[in-house]
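Residue numbers (the numbering used here): 531 to 728.
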């Protein structure tokens with residue numbers, strides 16, 4: 531009975547190769563280092579947005595790129611979550627003012643693109659799905675940041691910030707991930723994946 535159940539589970543799950551796990555992890559590590567630098571950039575640029583603080587959200591989308599990129603590259607369930615969580619964990623280990631919260635955020639910012647790819651049944655990988663996945667990744671920080679950090683802002687600032695986070699996520703995290711996937715495919719770096727075709 532247990533063996534039959536195990537066979538059913540194996541058939542229901544997609545076949546994972548070692549490369550399907552290693553590549554998202556490596557992407558996550560590389561992007562995690564970029565995240566660490568991006569966090570420094572965020573802090574340094576904060577005074578530039580003193581005229582209208584919500585406008586800083588236009589650069590937020592970089593933090594939302596790994597989940598979409600991992601999903602587009604590997605094209606299997608779980609890749610978006612793995613890549614985003616790995617990137618967040620590396621960023622946290624390198625040191626970030628946001629601490630452990632970054633790891634939780636990374637998971638959520640990978641889960642929502644994963645749900646978009648799942649809704650498309652892991653069959654659509656073009657620019658529209660990438661933009662939708664990127665925008666979805668922007669929803670958790672658009673809400674959480676307003677609750678945790680910007681709760682004293684006027685509602686108009688909070689709404690503007692939330693919209694800009696989602697738009698930045700769609701542009702940088704979504705369209706940017708799609709363009710990066712195509713560039714990696716052209717360079718021959720994705721030969722082990724269906725995404726090698728672009």
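Think of the CB as a built atom: it goes at the ideal place given N, C-alpha and C, for glycine as much as any other residue.
Cβ neighbour criterion (16 or more within 10 Å) applied to residue i
{"i": "residue 571", "result": "exposed"}
{"i": "residue 725", "result": "buried"}
{"i": "residue 656", "result": "exposed"}
{"i": "residue 528", "result": "The shown model of the chain, from 531 to 728, leaves out residue 528, and the question about it has no answer."}
{"i": "residue 602", "result": "buried"}
{"i": "residue 671", "result": "buried"}
{"i": "residue 711", "result": "buried"}
{"i": "residue 596", "result": "buried"}
{"i": "residue 578", "result": "exposed"}
{"i": "residue 713", "result": "exposed"}
{"i": "residue 615", "result": "buried"}
{"i": "residue 582", "result": "exposed"}
{"i": "residue 539", "result": "Confidence in residue 539 is poor, its pLDDT being 48 and thus under 50, which makes the residue's placement unreliable; the coordinate value appears in the next sentence. That one is exposed."}
{"i": "residue 629", "result": "exposed"}
{"i": "residue 716", "result": "exposed"}
{"i": "residue 720", "result": "buried"}
{"i": "residue 646", "result": "buried"}
Short CB-CB distance (under 8 Å) between residue i and chain C
{"i": "residue 662", "result": "Judged by its chain identifiers, the structure shown contains no chain C, having just a single protein chain."}
Closest by C-alpha distance to residue i, when choosing among the options
{"i": "residue 661", "options": "599, 638, 548", "result": "599"}
{"i": "residue 613", "options": "556, 717, 723, 645", "result": "556"}
{"i": "residue 567", "options": "626, 582, 691", "result": "626"}
{"i": "residue 549", "options": "682, 604, 574", "result": "604"}
{"i": "residue 587", "options": "706, 727, 688", "result": "688"}
{"i": "residue 723", "options": "668, 609, 706", "result": "609"}
{"i": "residue 634", "options": "618, 679, 685", "result": "618"}
{"i": "residue 640", "options": "654, 669, 653", "result": "669"}
{"i": "residue 594", "options": "716, 708, 727, 720", "result": "708"}
{"i": "residue 674", "options": "636, 565, 646", "result": "636"}
{"i": "residue 565", "options": "552, 727, 700, 622", "result": "622"}
Whole-angstrom C-beta distance between residue j and residue i, which should lie under 8 Å
{"i": "residue 624", "j": "residue 695", "result": "Rounded, the Cβ-Cβ distance is 23 Å, inconsistent with contact."}
{"i": "residue 718", "j": "residue 663", "result": "Rounded, the Cβ-Cβ distance is 24 Å, inconsistent with contact."}
{"i": "residue 584", "j": "residue 691", "result": "4 Å"}
{"i": "residue 644", "j": "residue 611", "result": "5 Å"}
{"i": "residue 620", "j": "residue 559", "result": "5 Å"}
{"i": "residue 698", "j": "residue 591", "result": "4 Å"}
{"i": "residue 650", "j": "residue 659", "result": "5 Å"}
{"i": "residue 642", "j": "residue 666", "result": "4 Å"}
{"i": "residue 575", "j": "residue 589", "result": "7 Å"}
{"i": "residue 679", "j": "residue 606", "result": "Rounded, the Cβ-Cβ distance is 34 Å, inconsistent with contact."}
Exercise. What residue ranges within the stretch 577-623 form continuous alpha helix (DSSP H) runs of no fewer than 4 residues, ordered along the chain?
Worked result: 595-604
For this session: Please go through the stretch 637-676 and give each complete alpha helix (DSSP H) segment of 4 or more residues, from N-terminal end onward.
Result: Not a single unbroken stretch of the alpha helix (DSSP H) spanning 4 or more residues falls wholly within the stretch 637-676.
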